[in-house]
Amino acid sequence: MYNGIGLQTARGSGTNGYVQTNKFFIKPRTTGGGPGGPHRPPLPDAAGDGGGLGGMRKPNREILEHDRKRQVELKLIVLRDALEEQGYTEGEIEERVEEARRAAEAEAAAAAAAAEEAGGGGRPALQSRGYTDTQSHHVAARKEKQLETLRAAFGLDIEDAKKKGEVESDVESGELVPGK
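Just so it is clear: in the sequence shown, position 49 is 49 by UniProt numbering, and no numbers are missing.
Put into structure tokens, the structure is as follows:
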């Protein structure tokens, strides 16, 4: 036994008494940047330029748009299969699928215009169903929308919050003057 660790004696234990270290234990670090280790920069906070998500990354609009397009194409494939089983000709199937595609694109454009007027930044409204917690961009977009709604309810503005956080010093008197 060394430093109070291990057996008093190895006799009768069926072992040789050798104490090994746990090679898989990861020591918690108090410093070292953001998530992912010391080499990755920390995430911006609500007062920084991180979009006001309080440490969350901003959702990637390209990924959100790509997922929306995939959902539309999935619906079109299901429609195509249903039309093939009903016995439509290839020309009729192509015509109906193109018509459905144009309708879906028009619906997405209308949703984007409505979101832009409401201050959503051109992103189509997200549905709360169908997304799991592993789809981080959808979760971040939903959280961003929640925070926008909360800011609007309280009458807060992002720029006002940034200005309140700034503290400047008055050179002549040597005092700190908030929001000068």
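Glycine is no exception: its CB is placed at the ideal position from the N, C-alpha and C atoms.
Note down, in chain order, each residue of its chain lying with its Cβ closer than 8 Å to the Cβ of Y18, except the 5 sequence neighbours on either side.
none
Option in A153, G155, E159 and R142 with minimal Cα separation from R57:
R142
Taking all protein chains shown into account, decide if P28 is buried (16 or more other Cβ within 10 angstroms of its Cβ) or exposed.
exposed
For I26, which three-state DSSP category applies?
coil
Host alpha helix (DSSP H) of R11 (start-end)
Here R11 belongs to no alpha helix (DSSP H), and DSSP marks it neither H nor E.
Is Q20 helix, strand or coil by DSSP?
coil
Out of curiosity, what's the CA-to-CA distance linking E159 and A111?
27 Å
From I77 to E90, what distance separates their C-alpha atoms?
14 Å
Is it buried or exposed, E144, if we count other Cβ atoms within 10 angstroms and call 16 or more buried?
buried
Looking only at C-alpha atoms, which of A103, R102, D81 and A104 sits nearest to I93?
D81
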